[in-house]
Structures are given as C-alpha cells and as structure tokens.
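Engineer: Below is the structure I would like to discuss, written out as structure tokens.
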Amino acid sequence: MEKMRENISETWLVLISVILVTAIFAKIILFKLGKEDKRKCRLPPGRRGWPLIGDSINWYNAVASSHPPQFVEEMVKRYGKIFSCSLFGKWAVVSADPSFNRFVMQNEGRLFISSYPKSFRDLVGKNGVITVQGEQQRKLHGIASNMMRLEKLKFHFLNDIQKVMVQTLGNFNNNQVILLQDVCRKVAIHLMVNQLLGVSSESQVNEMAQLFSDFVDGCLSIPINIPGYAYHTAMKARENIISKINKIIEEHRQKGAPMEGSGVLGRLLEEESLPDDAVADFIINLLFAGNETTTKTMLFAVYFLTQCPRAMKQLLEEHSSLRSDSGDELLTWQDYKAMSFTQCVIDETLRLGGIAIWLMREAKEDVQYQDFIIPKGCFVVPFLSAVHLDEKIYSGALDFNPWRWMEHENEEKRNWRSSPFYAPFGGGARFCPGAELARLQIALFLHYFVTTYRWTQMKEDRMSFFPSARLVNGFEICLTRRQDETD
Ligand code: HEM
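In our numbering, the protein residues as written are 74 to 560.
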C-alpha cells in the first residue's frame, strides 16, 4: 500500500514537471511569435499585391510612363509617404518622404547598402566605386571627388569641353533635320573619351566612342551573355576598353613624366597609386555613371526650353551677352559663373526630368525608423522624383518654371548638396562626385547649342524613364543657323 502511494506521488511529480516545462516552453514560443507578429506589424503599411510578381507590373508601367511617381503617388494616398510593397519577388520599403530619403542616404554603408545584380557588377567591374562597399568605396569616392572638384574643372576641363562642343555641334547645315537625342549622346560620349582618357585625335576618338557606346548600351540591356545580345557586345567592349586603358598606362610609365592633356586617367596615374585593374574599373565606372545622365539632362533641357519660349528667350539673352562681353572665342570661368539663369534652367530640368528617379538600397540589418522596423535584406527605395514632383513642396510641380529657383523661399531647398527636398545627385557617402562637372558640361552645351541654332520641333514627343530615360521619338528637330539668319 505504502509502495503504491509512493508510486502515485512520483507519477504526479513527473506529470507536474512535464506540465510546467511545457508551459514554460509554450510561453517562450508564444513570446517569440508575438515578437515576430509585432515586427511584421511594424513594417511600414502596404500590400503584397499579386503572388510572386507583387506590384512589379504597376511599378514598371509607372516608370516607363512620362510620370514615373504615378504608382508611388497612388500608394502614398492609401498608406502614407513610407509604404511597403512586393517588387521583383522581395519586400520593398518605398519612400516619398524627404526626411526618410535623407536618412537612408546618410546611413549608406552602416544601415543600408546599395545593391546591384551580379550581371551588372561583372560589366561595370568589381573594383569600381559603384559596386564596392565600406572602406574601399570611401577611398575611391574620395579619389573621384578630387578628380572632378571645382579647381580641376577650371584648369583641366573648361576649355576641353568647349572644343568638343565646337567639334560635335558646329557643323550642322541649315534645314538639317536631326534627332537631338542621338546628337546629345554623341556629345556626351566624345566628352567622356576626351576627358577620361585624354584622347583627342579624330580616328582614336571615333574608335573609343564606338566602344563606349556599345558598353553603355549593354549596361541598360537584358543580361544575356551570348553573341548577338547587347550585353555580350558590351562585355567585349569592356575588354577592349580595358586593353586600351592598359596601353595608355604602359605609355605613361615609359614616358615617366606627367602627360599634358592626358585626362582623368593621366592625372590618376600621377596623383594616386591604384593597382592597374582598379584603374581600369575606376574609369569604366565614371563612364557608366556619367554618360547617360549627362546626355539626357542636356536633351531634356532643350525639350523643356522648346515648350517654354519665355525661358528660351531669357536663356538666349544671357548667353548672347556673355559672348559679346568676353569677345574671346572660348568662354572663361567668369563667363560660366555669370550664367545664373542657366543654372536655374539646369536645376529645373533636374527637378522635372531628373534621371536618377529612385535609388536602390538594401537594409543591412533590422532598421528602426520612427515606429517602423525595416527587416534585414529588404529593398529600400528612396523615390527622389516623388519628392521633386510633390505639389505640396513645389507649387505647379509639373510645370517647367526655372524662375522658381530665384524665389527667396526656395533658396535653402535649392541646395542640391544637402537639401532633403531636392537631391538630383543623391546624398551621403554616394553623393555624385561628377555633379559639378555635369553642370559645367550641360551649361556649355546649352551655350553652344542655343547661340548657334534656332530649331523647330518636327514630331510630338514625351519623356519615358525606363529601361533608360529618353524621349520616345528621339526629339526630331529642324535646325537653322542663327549666324546665316543675320547675314
Ligand atoms: C546630370 C548628370 C548626373 C546626375 C543626375 C547624376 C546623379 C547621380 C546620383 C543620383 C548618384 C547617386 C547614386 C546612388 O546613391 O546610388 C550618382 C553617383 C555617381 N555619379 Fe553621378 N550623376 C550625373 C553625372 C555624373 C558624371 C558626369 C559623372 C562622372 C564623370 C558621375 C559619376 C558618378 C559616380 C562615380 C557615382 C557613384 C558614386 C559612389 O557610388 O560612391 N556622375 N550620380
């Protein structure tokens, strides 16, 4: 009997222990699940959309239209300025919020990193500033900023840019019909060949220009590395560009002295000590980052000016007065500094037709921002053009109005280096090191184009921003030389 009682109390003890341990485990699991739930709840509001494709099609339709923030604006109305959706099979946090966009850019490398597919990294190079991270990125970014700072522009770029403009824009005939998009591309590629490599003989420029053009086309194409596809042609162009760069490096070493007019490459070899493969990738990265952006900003500036005769007239007056004042054939740095209305035209073009419509980042860890948690690995997309085209920030946001930048209330907003409301060149550690160079090139392009030609538009056109920024009909115009009109 005693034995039986002992057995019963032992059984109870085991049972109670099992219940207790189970309860504790259940509690821990429930606590964890609760935490997971809370985390899910705190992702910015939004929706998953269709299985797998999510909102990718809506996204594509918007960015391929002439008003890229269309989809973002619809989502903002429903969910607020920071929302989540599913893009390309992954969660994405998209933002039309100026402060959050700034927060993302300022925390580059710490909380967020820029991420690109392998096919793109293979093409632009694994050692270039765009694809590297951390310490290496900071080093290369510093070198790029140094190569293109204001002092260098004054001494190394100002005259060379103008020579390229005269060469590429000077020879159109009266009544010649051109596609301005193609002409701007040619101008930008010649600028790149000349300024990056210091190449100026016509045959060499043409050869390099073809390679550069093939390379840039491949960066914006479907990544299929089989003969016949643009990506494959671009990979071949990359190899050729690298062998040309290596040849120039070799020549430079043999001569042993700084080469006058040897471009960014020559100065890079003189002033920095990068391994040869890093030098080639460095140059190729500048080529990729600077080419399409500059081409399309030149093109869009002329497109907007054509639609706004009052701005065109004021711009022409500014440039005509410069030429008669200086009397010299080439413009000086003072002339450039006196182009105040031109700067407003460039700013307004970048606001309304900014090429970098969004930035692509990934959360490096779970990131807390206000009440939201952005989970590690999630895409984060600061949608710059949604801010630039926000009616609450810019009245008459969809109108081309360069005079807005002269208004006192927009003075701070206009600071493209630090303004949360106007960031056409990005910000933080990846802020565009070519911003000043691009502005100089665009201003000089406008000078030579508007003072040499008058034009009439032959076909209706509209902007589109995907897969690359463009005017869908290439902006067909008929030119008349101004000089011949007055003769
Ligand atoms: C109007 C013309 C241009 C625009 C609108 C523009 C815009 C931008 C933007 C928004 C970024 C930041 C990208 C990001 O954060 O992911 C960027 C980066 C960059 N840009 Fe530009 N850019 C222009 C012209 C140029 C030119 C002419 C060059 C050089 C020749 C250049 C070189 C670069 C480089 C190397 C980076 C990468 C910096 C890094 O990742 O550290 N850009 N640009």
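Note that CB positions come from ideal geometry on N, CA and C, so glycine has one too.
Alpha carbon to alpha carbon, how far is Ala-353 from Ile-315?
Structural biologist: Rounded to the nearest whole angstrom, the C-alpha separation of Ala-353 and Ile-315 is 6 Å.
Engineer: Let's see if you can read the secondary structure: which residues bound the beta strand (DSSP E) around Ser-129?
Structural biologist: No beta strand (DSSP E) holds Ser-129; the alpha helix (DSSP H) holding it covers 129-136.
Engineer: Checking the sheet assignment: what are the DSSP bridge partners for Val-250?
Structural biologist: Cys-551
Engineer: Give the DSSP-derived three-state secondary structure of Cys-505 in the structure shown.
Structural biologist: coil
Engineer: Kindly provide the ranges of any alpha helix (DSSP H) runs that are 4 or more residues long and lie completely inside the stretch 180-206, ordered along the chain.
Structural biologist: 191-197
Engineer: Enumerate in chain order the residues of its own chain whose CB-to-CB distance from Glu-484 is below 6 Å, with the five nearest sequence positions on each side excluded.
Structural biologist: none
Engineer: Report the rounded CA-to-CA distance for Glu-312 versus Gln-210, giving the unit in angstroms.
Structural biologist: 23 Å
Engineer: Say yes only if the C-beta of Cys-505 is nearer than 6 Å to one or more non-hydrogen atoms of the ligand HEM, and no if none qualify.
Structural biologist: yes
Engineer: Could you give the distance in angstroms between the alpha-carbon of Phe-494 and the alpha-carbon of Ile-356?
Structural biologist: 31 Å
Engineer: Mind pulling the beta strand (DSSP E) runs of 3 or more residues that sit fully within the stretch 218-279?
Structural biologist: 250-252
Engineer: Between the C-alpha atoms of Pro-497 and Ala-217, what's the straight-line distance to the nearest angstrom?
Structural biologist: 18 Å
Engineer: Rounding to the nearest angstrom, what Cα-Cα distance links His-305 and Ile-299 in this structure?
Structural biologist: 6 Å
Engineer: Is Ile-550 buried or exposed, if buried means 16 or more other CB atoms sit within 10 Å of its CB?
Structural biologist: The residue in question, Ile-550, is buried, as its Cβ has 16 or more Cβ neighbours within 10 Å.
Engineer: From which residue to which residue does the alpha helix (DSSP H) around Tyr-304 run?
Structural biologist: 303-328
Engineer: Relative to the C-alpha of Ile-515, which candidate in Leu-423, Thr-553, Phe-539 and Asn-488 has its C-alpha closest?
Structural biologist: Leu-423
Engineer: Using only the heavy atoms of the ligand HEM, determine whether one of them is closer than 6 Å to the beta carbon of Ala-511.
Structural biologist: yes
Engineer: When the Cβ atoms of the stretch 195-208 are set against those of the stretch 438-448, are three or more pairs found closer than 8 Å?
Structural biologist: no
Engineer: Could you tell me the alpha carbon to alpha carbon distance between Gly-243 and Asp-255, rounded to whole angstroms?
Structural biologist: 15 Å
Engineer: What is the DSSP secondary structure of Met-536, reduced to helix, strand or coil?
Structural biologist: strand
Engineer: Reducing DSSP to helix, strand and coil, say where Phe-15 ends up.
Structural biologist: With the chain covering 74 to 560 only, the question about residue 15 has no answer from this structure.
Engineer: Would you check if the stretch 178-185 and the stretch 461-476 touch, i.e. whether three or more CB-CB distances between them fall below 8 Å?
Structural biologist: Flag = no, the stretch 461-476 and the stretch 178-185 do not touch.
Engineer: Under the rule that 16 or more other beta-carbon atoms within 10 Å means buried, what is Tyr-189, buried or exposed?
Structural biologist: exposed
Engineer: Let me know the secondary structure DSSP gives Pro-455 once reduced to three states.
Structural biologist: strand
Engineer: Using a threshold of 6 Å, is the CB atom of His-263 nearer than that to any non-hydrogen atom of the ligand HEM?
Structural biologist: His-263: no, Cβ never under 6 Å from the ligand HEM.
Engineer: In whole angstroms, what separates the C-alpha of Phe-452 from that of Lys-369?
Structural biologist: So the two alpha carbons sit approximately 27 Å from each other.
Engineer: Taking the beta carbon of Lys-100 as the centre, do at least 16 other beta carbons fall within 10 Å, making it buried, or is it exposed?
Structural biologist: With a pLDDT of 45 at Lys-100, under the threshold of 50, the modelled position of this residue cannot be trusted, and the question is left open.
Engineer: Specify, as a first and last residue, the run of the beta strand (DSSP E) that Tyr-495 falls within.
Structural biologist: First-last for Tyr-495: undefined, no H or E at that position.
Engineer: Cα-Cα, which of Gly-547, Pro-540, Thr-553 and Phe-228 is closest to Pro-296?
Structural biologist: Pro-540
Engineer: Going by DSSP, which residues form a beta bridge with Ser-168?
Structural biologist: Ile-155 and Pro-455
Engineer: Quick one: is Glu-558 buried, meaning 16 or more other Cβ sit within 10 Å of its Cβ, or exposed?
Structural biologist: Glu-558 sits exposed, since fewer than 16 C-beta atoms from the chains shown fall within 10 Å of its C-beta.
Engineer: Can you find at least 3 beta carbon pairs, one from the stretch 527-540 and one from the stretch 226-242, that sit closer than 8 Å?
Structural biologist: no
Engineer: Taking buried to mean at least 16 other C-beta atoms within 10 Å of its own C-beta, is Met-74 buried or exposed?
Structural biologist: A caution first: Met-74 carries a pLDDT of 49, below 50, which makes its placement in the model unreliable, though a value can still be read off. The residue in question, Met-74, is exposed, as its Cβ has fewer than 16 Cβ neighbours within 10 Å.
Engineer: Among the candidates Asn-246, Arg-222, Ala-307 and Pro-141, whose CA atom is the shortest distance from the CA of Gln-556?
Structural biologist: Asn-246
Engineer: Could you please give the first and the last residue of the uninterrupted alpha helix (DSSP H) stretch that includes Glu-485?
Structural biologist: No alpha helix (DSSP H) contains Glu-485, which DSSP labels as neither H nor E.
Engineer: Could you check the C-alpha separation between Phe-361 and Ser-393 for me, to the nearest Å?
Structural biologist: 34 Å
Engineer: Taking buried to mean at least 16 other C-beta atoms within 10 Å of its own C-beta, is Trp-431 buried or exposed?
Structural biologist: buried
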